[in-house]
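Residue numbers (the numbering used here): 22 to 666.
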């Protein structure tokens with residue numbers, strides 16, 4: 022591979038001068054390409070992979086980094102400098118501190134007050150969305166949503182409100198709240214670090230507040246007064262009784278004298294069936310034991326409470342001789358009147374759909390949603406060894422607002438799936454955390470310990486003060502606060518490591534050198550020159566609007582942190598081309614990169630509410646598009662006022 026010089030001429034910002042870019046050509050033997058062209062190819066393939074979603078975004082980002090190294094776009098010795106970048110360290114520290122807030126009870130105290138809201142929908146929206154906006158300013162916005170999502174579900178059920186009216190506004194509120202402070206969202210941290218690299222001075226903790234607070238308040242007002250009307254109203258989508266229709270699937274099967282199931286353990290029964298039908302409970306002599314806690318052999322007369330439809334009922338009778346209790350009770354009456362196979366199947370269908378199961382109290386059924394970073398994605402129950410390794414029984418799966426009818430063993434999980442699970446009450450929370458699932462129901466509020474609560478607030482306040490008075494950089498201040506929280510026991514060390522979102526950190530660390538390659542290769546200048554050429558006859562504000570729209574659209578198809586990393590060099594080139602201050606252009610990117618309101622894949626917050634709210638892909642833009650326009654209309658004039666050209 023060889024290189025030769027190439028001169029590219031373009032019009033200057035004023036239309037009279039000539040800007041010359043000296044770009045080397047990379048000779049691949051049969052094809053000669055400029056570095057900027059190669060960068061565009063790498064980024065194009067990366068964006069396609071992000072949108073496709075077949076591979077996790079951290080793996081896609083890492084592939085982009087290694088491909089850039091092999092093409093000579095990123096020096097090999099600088100390939101992994103992103104892992105030590107202040108932005109990456111700050112994000113990790115903020116995630117740990119956010120978990121510390123949850124552990125100490127700071128957020129749960131707020132959540133307990135939220136549950137006192139009455140039946141008025143506008144008041145519910147105001148309190149829920151307003152609370153998540155406030156929390157997202159002091160902790161990671163995904164963490165804030167994760168804490169209030171179960172509260173919103175419980176509020177919807179207690180007051181018979183459609184959860185679809187609450188959850189999308191809640192997710193969008195978490196994005197708006199992240200705009201208000203440095204630590205609220207990764208794009209702010211990235212933009213601050215980029216400014217430090219260019220000007221030797223980073224944005225401070227509250228540099229984003231003047232614009233961010235105004236935008237958040239405008240967005241909050243729009244959502245509460247008008248925007249919620251654009252969300253679909255789907256009654257009961259988040260209710261376990263309606264989404265999973267449990268009452269129509271729970272059946273009682275009895276172990277008869279000739280039953281092949283007699284003498285088998287539940288695990289042996291599953292092996293015999295070659296199926297993952299969950300046994301929720303075993304009733305013997307009027308004593309009921311949860312299925313996960315029953316380790317003996319089945320005896321004649323035992324009654325199994327399990328999830329089964331008509332097809333499963335037929336299989337259970339054919340393979341192991343289990344029959345519905347209602348059917349056994351009717352057997353003497355029908356003994357002399359044999360029925361056809363079709364009539365027999367119809368009878369079993371009636372038993373499956375109409376039989377009233379025994380009381381399910383105490384079975385510890387819990388709903389959970391699969392997060393974007395879950396280890397369950399694209400894997401099945403068997404591959405995960407859900408029962409053996411995590412002590413969980415999968416009862417049902419809902420996707421796109423409806424229960425999946427296919428066999429549980431055949432389901433490959435997707436992010437946003439809502440799962441109905443059974444497990445040991447003392448261990449289920451830890452199992453869900455390990456799997457990367459967020460509990461939606463049966464989540465008790467834990468108020469923590471007053472001493473840890475005060476310590477958590479004090480540590481965070483000291484870190485903020487150190488940043489405000491420039492005693493310490495953001496990365497050092499936040500890392501010190503996280504370390505102290507771990508040392509004094511506000512957060513156990515194991516939970517501290519669990520709080521760190523590995524895929525997000527890998528994404529950031531891998532995309533930072535790729536973003537720098539976009540700048541050093543001249544690619545950012547080429548894009549900026551195109552924008553300058555089209556905007557040369559218009560005021561600078563028109564180009565800023567174009568930059569806002571481009572960054573916003575990008576954030577809706579890729580991770581918002583990646584969007585900020587890619588757009589920051591372009592913003593810098595535009596500022597240089599217009600010969601104006603860099604700050605307003607960086608602020609445009611910071612705000613627009615967090616406006617991922619159009620799709621469920623643009624931000625984790627959007628994905629988390631997809632299943633519980635029963636939303637479809639096309640539902641998001643109906644509220645997201647007008648909200649994006651509100652943000653644009655408020656943000657641009659404020660940015661020009663607070664950060665003049």
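Glycine residues also receive a C-beta, built at the ideal position from the N, C-alpha and C atoms.
Just so you know, these numbers come straight off a predicted model, no measurement behind them.
Status (buried if at least 16 other CB within 10 Å, exposed otherwise) for residue i
| i | result |
| --- | --- |
| residue 669 | Given that the chain is displayed from residue 22 to residue 666, the structure contains no residue 669 and the question cannot be resolved. |
| residue 648 | buried |
| residue 650 | exposed |
| residue 486 | exposed |
| residue 377 | Only weak support exists for where residue 377 lies, its pLDDT of 42 falling under 50; the value from the coordinates is given anyway. With fewer than 16 Cβ atoms within 10 Å of its Cβ, residue 377 is classed as exposed. |
| residue 242 | exposed |
| residue 262 | Note that residue 262 scores a pLDDT of 46, beneath 50, so its modelled location is shaky; the value from the coordinates is reported in the next line. Exposed is the call here. |
| residue 590 | buried |
| residue 473 | buried |
| residue 130 | exposed |
| residue 750 | Nothing about residue 750 can be reported from this structure: the residues present for the chain run from 22 to 666 only. |
| residue 145 | buried |
| residue 491 | exposed |
| residue 656 | buried |
| residue 467 | Residue confidence is low: residue 467 scores 43 on pLDDT, short of 50, so the model does not pin down where it sits. No coordinate-derived value is stated. |
| residue 109 | buried |
| residue 518 | exposed |
| residue 106 | buried |
| residue 509 | exposed |
| residue 638 | exposed |
Beta-carbon proximity check, residue i vs residue j, cutoff 9 Å
| i | j | result |
| --- | --- | --- |
| residue 442 | residue 395 | no |
| residue 155 | residue 502 | no |
| residue 10 | residue 438 | The chain is shown from 22 up to 666; residue 10 falls before or after that span and cannot be answered. |
| residue 203 | residue 225 | yes |
| residue 573 | residue 530 | no |
| residue 588 | residue 570 | no |
| residue 272 | residue 326 | yes |
| residue 342 | residue 277 | yes |
| residue 143 | residue 246 | yes |
| residue 116 | residue 100 | no |
| residue 652 | residue 239 | yes |
| residue 56 | residue 452 | no |
Rounded separation between residue i and residue j - CA only
| i | j | result |
| --- | --- | --- |
| residue 532 | residue 104 | 10 Å |
| residue 614 | residue 208 | 7 Å |
| residue 153 | residue 175 | 16 Å |
| residue 320 | residue 340 | 17 Å |
| residue 393 | residue 527 | 14 Å |
| residue 494 | residue 428 | 53 Å |
| residue 664 | residue 578 | 28 Å |
| residue 596 | residue 80 | 33 Å |
| residue 489 | residue 234 | 18 Å |
| residue 275 | residue 324 | 4 Å |
| residue 659 | residue 444 | 52 Å |
| residue 189 | residue 641 | 8 Å |
| residue 237 | residue 551 | 32 Å |
| residue 308 | residue 413 | 22 Å |
| residue 511 | residue 160 | 16 Å |
| residue 292 | residue 314 | 18 Å |
| residue 254 | residue 141 | 16 Å |
| residue 498 | residue 450 | 31 Å |
| residue 171 | residue 165 | 11 Å |
| residue 643 | residue 391 | 24 Å |
| residue 133 | residue 232 | 30 Å |
| residue 666 | residue 545 | 20 Å |
| residue 167 | residue 476 | 23 Å |
Cβ-Cβ separation, residue j to residue i (assumed contact under 8 Å), whole Å
| i | j | result |
| --- | --- | --- |
| residue 415 | residue 299 | 6 Å |
| residue 460 | residue 387 | 6 Å |
| residue 424 | residue 401 | Rounded, the Cβ-Cβ distance is 17 Å, inconsistent with contact. |
| residue 586 | residue 211 | 6 Å |
| residue 592 | residue 610 | 5 Å |
| residue 285 | residue 318 | 6 Å |
| residue 496 | residue 111 | 5 Å |
| residue 252 | residue 157 | About 20 Å; that fails the 8 Å criterion. |
| residue 448 | residue 124 | Between residue 124 and residue 448 the Cβ distance is about 18 Å, and since that is not below 8 Å, they are no contact. |
Contact test: residue i Cβ vs the ligand FMN heavy atom, cutoff 8 Å
| i | result |
| --- | --- |
| residue 521 | With respect to small molecules bound, the structure shown includes none, and the ligand FMN cannot be examined in it. |
Next on the checklist: Check whether the region 191-200 and the region 616-633 touch, using three or more Cβ-Cβ pairs below 8 Å as the test.
Outcome noted: yes
Checklist entry - Touch check for the region 596-607 and the region 393-407: three-plus C-beta pairs under 8 Å? => result no
Next on the checklist: If contact is defined by three or more beta carbon pairs under 8 Å, each pair taking one atom from either stretch, is the region 87-107 in contact with the region 534-550?
Outcome noted: yes
Item to check | Inter-stretch contact (C-beta, 8 Å, three-pair minimum) for the region 134-150 and the region 552-568 | outcome: no
Checklist entry - Does the region 497-514 come close enough to the region 66-84 to have 3 or more Cβ pairs within less than 8 Å? => result no
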